[in-house]
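Chains as they are written, first to last, in our numbering: chain A, 1 to 427; chain B, 428 to 854.
Structure below.
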């Protein structure tokens, strides 16, 4: 019987997901013409409401945490799932920060008058309906909702089922504020119904304008493969630090250690170290010691292993890996071009750093390495919307279309051409 | 047997398509660092070569035309396929025009210094490898190759098999110029092997950065459905002219007739006319006569049909249609908001025009209609890269991601962040 009953249930689910998307579309039409003042007032009210109703959110979260612990979920994942008063205050402060940022909608990107007198104005408008498919962390729910509201987009939130009650509690608070503010309540909606619901969301082309997956490589891959809705690929970072022959080796040491160890579970942490052969003998012994002192396991090629007995042999899997742990792949190269070739082969196009005093080398590295961000004499950890001054970030794009690198409010907009004439026709 | 032999052949084809894409990728790395001077010299040499070797191109085209005529292809399609000395001169002039345009690569989109002294520069870079899937017209081959070369992209050209010999002859001329100029010859490649090859191209994510389909709705739909490579949807235009209660009716008449009849086979031609009920009696009799005098068949609702015996009853198919012919759907609406609701339901998000003297109405229409372009007192035919002063156009995007509306050289670029410090690390 299950097979027979499954099909109608699935079809019902497709209808339900499409209905949710249609309501989002209707809400988006109202959001597009809201003033900044109306949006900011709602964002600040949401921040207040989250703190006032923290008890309800924490109660929902406690249920998710209990279920995860009973199911034997690893402690690190449970920790990402767990909310506290402090974390709720952080979500609220995030919403207030978004309220302080300029409104991207209405910005004139290009404007000019043509020889025939037609006035052309290309203006930023909201994308429309943005779908976020994400894992674990319930704070993404408030962050994404706030960024989408500010940029005039309706948001469809498809969180992981492990955080279902936390997300539902947060969304209830946010929707109540929309309703009390006279804004369209369907501007923020959860998409419920498990993995099948996510699949329907991915096929809702024409109703959903873009999907942004936030999570591990497996999640992102499956969204890219299955979606007919345009996707912005985010976040996988196999980042490399290249220590050039012309490097200031003290800077190089600090940048390598910081890029690898300042925080390991993030996409802008370094996963590979490449050292020019001319400075290998001078740099590697101290670098390997510093990394090992910081608890890092180094996976090195033969030329690296010559400087330490404590280096594991590196494999192709290591070169390709986004470790997200205290591991680093390390090799010696004979030229900047060899370093670039290595990065183009193994890297993920997220962030690469070069440490050099040579302007020519910095320029060549930046021009050829083909990544979303290039750091010259700086840690890879600076590829981050907050660090780059965007004020907030919805993710880091590693694809080239629409947005590349950290995405802020601007990247949640499209544009439209408004062309004004006085009875102009084409001859 | 066919089934048994088909699979290995298909696998070979997949390998061949991936090899073509890999060679494009290698070429793209070289193109990314070319100076504008080198690219412009090649473009001008290509223009000269096309005219010098016109006989070879015309010979290849004659074979395509003969085959099409033998196969009973309609005369209008054969005409689109046919090249002449004049059309080859037009292609050459197009390449020279592209050479004259500014190089988008290297443009600094955002640049600033952070409080910690890090210098941030977001710069335009080529997308990398651009795939164009197109129908019939062989001039697209030269146009697309020129725009991609100027913007530093390698191009993979998948034309229709009906134009195979024409396209091969054009690409041979262009590649010879690349070789003689010392530029990477694989910057311009044909993707051969029928529809199956196109399918492999659509799955070459990671090798191809974007696909741009140019052709009818069926072609675009199949690329969108089957592609894992990011797609820019182009060109389907169900455009509407709305004659507001506050319209200058002389302007309205000229704009309606021009939008519908100046050229019918193009995506920016009007397919729908909506008239506010307050001016219907004054406007429609003369408008219907003018359209009918121009050979247009009007498909009208009951309120339109009250003004003429020569109006066909309109169907839902007509409201949804991109006629591309001397047909127009027409209706009377009771408000601007009703016109917008109609357009949001039936339109394709390409171009809508409003004719009005009211600033408030123009603003409301532009803010709510949700299309790539809005014309205020101007013909829909102005949504065109050349008309808007872009100098050239690779297509008109009707999606919201990456590019919306006419796409020129800028829309063939991505960006990269270059962040320069002095040993900066995160605390």
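All C-beta atoms, glycine included, are put in the ideal place defined by N, C-alpha and C.
Nothing here was measured: the structure is a model prediction, and the numbers come from that model.
Using the Cα positions of residue 180/A and residue 824/B, report the straight-line distance between them to the nearest angstrom. Counting from one through the first chain, the residue named residue 180/A turns up at place 180. Counting from one through the second chain, the residue named residue 824/B turns up at place 397. Rounded to whole angstroms, residue 180/A to residue 824/B spans 38 Å at the Cα level.
Could you compute how far the alpha carbon of residue 650/B sits from the alpha carbon of residue 399/A? Position 223 of the second chain, counted from the first residue, corresponds to residue 650/B. Position 399 of the first chain, counted from the first residue, corresponds to residue 399/A. Each residue's alpha carbon lies about 19 Å from the other.
Between residue 845/B and chain A, is the shortest Cβ-Cβ distance under 8 Å, so that the two count as touching? For the purposes of this step, residue 845/B is taken as the residue at position 418 of the second chain. Taking Cβ atoms only, chain A reaches closer than 8 Å to residue 845/B, which makes this a yes.
Does any residue of chain A bring its CB to less than 8 Å from the CB of residue 429/B? Here the question's residue 429/B lines up with position 2 in the second chain. No answer about residue 429/B holds up, because its pLDDT of 33 lies below 50 and its placement is not dependable.
Best match in 279/A, 271/A, 244/A, 278/A for proximity to residue 291/A [C-alpha to C-alpha]: Counting from one through the first chain, the residue named residue 291/A turns up at place 291. Answer by Cα proximity: 271/A.
According to DSSP, simplified to helix, strand and coil, what is residue 649/B? Here the question's residue 649/B lines up with position 222 in the second chain. In the structure shown, residue 649/B sits in a helix (DSSP, three-state: H, G or I).
What in chain B is Cβ-close to residue 251/A, meaning under 7 Å? Within the first chain, residue 251/A is the residue found at index 251, counting from 1. 850, listed in chain order.
Any C-beta of chain B within less than 8 Å: which residues of the segment 225-253 of chain A qualify? 225, 228, 230, 231, 232, 248, 250, 251
Please report the Cβ distance between residue 796/B and residue 767/B, rounded to the nearest whole angstrom; I am assuming they are in contact, meaning their Cβ atoms lie under 8 Å. Translated into positions along the second chain, residue 796/B becomes position 369. Translated into positions along the second chain, residue 767/B becomes position 340. So it is a contact: roughly 5 Å between Cβ atoms.
Residues of chain B with a CB under 9 Å from the CB of residue 516/A: which are they? With chain A represented from 1 up to 427, any question about residue 516/A goes unanswered, as that position is not in the structure.
Could you pull out every residue in the same chain whose Cβ sits closer than 8 Å to the Cβ of residue 581/B, ignoring the five residues on either side in sequence? By one-based count along the second chain, residue 581/B stands at place 154. Contacts found: 451, 452, 454, 455, 458, 555, 556, 557, 575, 611, 613, 614, 615, 616.
Which residues in chain A have a C-beta closer than 8 Å to the C-beta of residue 691/B? List them in chain order. Working through the second chain from its first residue, we reach residue 691/B at position 264. Those within 8 Å of residue 691/B in chain A number zero; the least Cβ separation is about 13 Å.
Taking the beta strand (DSSP E) that residue 397/A belongs to, which residues open and close that run? One-based indexing of the first chain puts residue 397/A at position 397. From DSSP, the beta strand (DSSP E) with residue 397/A extends over 395-397.
Around the Cβ of residue 102/A, are there at least 16 other Cβ atoms within 10 angstroms (buried) or fewer (exposed)? Position 102 of the first chain, counted from the first residue, corresponds to residue 102/A. Burial call: exposed.
According to the neighbour-count rule (16 or more other Cβ atoms, all chains shown, within 10 Å of its Cβ), is residue 277/A buried or exposed? In the first chain, residue 277/A corresponds to position 277, counting from 1. With fewer than 16 Cβ atoms within 10 Å of its Cβ, residue 277/A is classed as exposed.
Any C-beta of chain A sitting closer than 8 Å to the C-beta of residue 856/B? No statement about residue 856/B is possible, as the shown extent of chain B runs from 428 to 854 and does not include it.
Express the C-alpha separation of residue 218/A and residue 13/A in angstroms, rounding to a whole number. Along the first chain, read from residue 1 onward, the residue named residue 13/A stands at position 13. Along the first chain, read from residue 1 onward, the residue named residue 218/A stands at position 218. Answer to the nearest angstrom: the Cα atoms are 24 Å apart.
Around the C-beta of residue 195/A, are 16 or more other C-beta atoms found within 10 angstroms, so that it is buried, or is it exposed? Against the first chain, residue 195/A aligns to sequence position 195. When all chains shown are included, residue 195/A counts as exposed.
Need the endpoints of the alpha helix (DSSP H) that residue 712/B sits in, please. Against the second chain, residue 712/B aligns to sequence position 285. Start and end: 704-720.
On the premise that residue 801/B lies in contact with residue 809/B, defined as a C-beta separation below 8 Å, what is that separation, rounded to the nearest angstrom? Residue 809/B sits at position 382 when you count from the first residue of the second chain. Residue 801/B sits at position 374 when you count from the first residue of the second chain. Actually they are not in contact, since the Cβ atoms of residue 809/B and residue 801/B sit about 11 Å apart, beyond 8 Å.
Can you tell me the Cα-Cα spacing of residue 518/B and residue 682/B, whole angstroms? As a working note, residue 518/B is residue 91 in the second chain. As a working note, residue 682/B is residue 255 in the second chain. Using only the alpha carbons, I get a separation of about 30 Å.
Among 371/A, 257/A, 213/A, 388/A, which residue has its Cα nearest to the Cα of residue 140/A? Working through the first chain from its first residue, we reach residue 140/A at position 140. Nearest of 371/A, 257/A, 213/A, 388/A to residue 140/A, Cα basis: 213/A.
Looking at residue 268/A and residue 384/A, is the spacing between their C-beta atoms short of 8 Å? For the purposes of this step, residue 384/A is taken as the residue at position 384 of the first chain. For the purposes of this step, residue 268/A is taken as the residue at position 268 of the first chain. A contact, by the Cβ cut-off of 8 Å.
Cα-Cα separation between residue 619/B and residue 78/A, rounded to whole angstroms: One-based indexing of the second chain puts residue 619/B at position 192. One-based indexing of the first chain puts residue 78/A at position 78. Residue 619/B and residue 78/A: Cα-Cα distance of roughly 52 Å.
Please report how far the alpha carbon of residue 67/A lies from the alpha carbon of residue 104/A, in whole angstroms. In the first chain, the residue the question calls residue 67/A occupies position 67. In the first chain, the residue the question calls residue 104/A occupies position 104. Approximately 41 Å between the Cα atoms of the pair.
Please state the DSSP three-state secondary structure of residue 850/B. The sequence position of residue 850/B within the second chain is 423, counting from 1. Correct three-state label for residue 850/B: strand.
Is there a Cβ of chain C sitting closer than 8 Å to that of residue 389/A, yes or no? Reference to chain C is not applicable here, since the protein chains of this structure are A and B.
Nearest neighbour of residue 772/B, chosen from 794/B, 647/B, 798/B [CA to CA]: Working through the second chain from its first residue, we reach residue 772/B at position 345. When each option's Cα is compared against that of residue 772/B, the closest is 798/B.
Option nearest residue 603/B by Cα separation, candidates 472/B, 667/B, 834/B, 769/B: Indexing the second chain from 1 puts residue 603/B at position 176. Cα-wise, what sits closest to residue 603/B is 472/B.
Hey, out of 540/B, 448/B, 775/B, 804/B, whose CA is closest to residue 660/B's CA? For the purposes of this step, residue 660/B is taken as the residue at position 233 of the second chain. When each option's Cα is compared against that of residue 660/B, the closest is 775/B.
Can you tell me which of 497/B, 538/B, 526/B puts its alpha carbon nearest to the alpha carbon of residue 847/B? Position 420 of the second chain, counted from the start, is the residue given in the question as residue 847/B. Checked all of 497/B, 538/B, 526/B; the closest Cα to residue 847/B is 538/B.
Candidates 624/B, 790/B, 786/B, 782/B: closest to residue 804/B by CA position: Counting from one through the second chain, the residue named residue 804/B turns up at place 377. Per the Cα distances, 782/B.
Express the C-alpha separation of residue 828/B and residue 709/B in angstroms, rounding to a whole number. In the second chain, residue 709/B corresponds to position 282, counting from 1. In the second chain, residue 828/B corresponds to position 401, counting from 1. Rounded to the nearest angstrom, the two C-alpha atoms are 41 Å apart.
Would residue 306/A and residue 318/A qualify as a contact pair, given that the criterion is a beta-carbon distance under 8 Å? Your numbering for residue 306/A matches position 306 in the first chain. Your numbering for residue 318/A matches position 318 in the first chain. No. Outside cutoff.
Proximal chain B residues relative to residue 399/A, where beta-carbon distance stays under 7 Å: On the first chain, position 399 is the one that residue 399/A refers to. 657, listed in chain order.
Does chain B have any CB closer than 8 Å to the CB of residue 128/A? The sequence position of residue 128/A within the first chain is 128, counting from 1. Yes, because at least one Cβ of chain B sits closer than 8 Å to the Cβ of residue 128/A.
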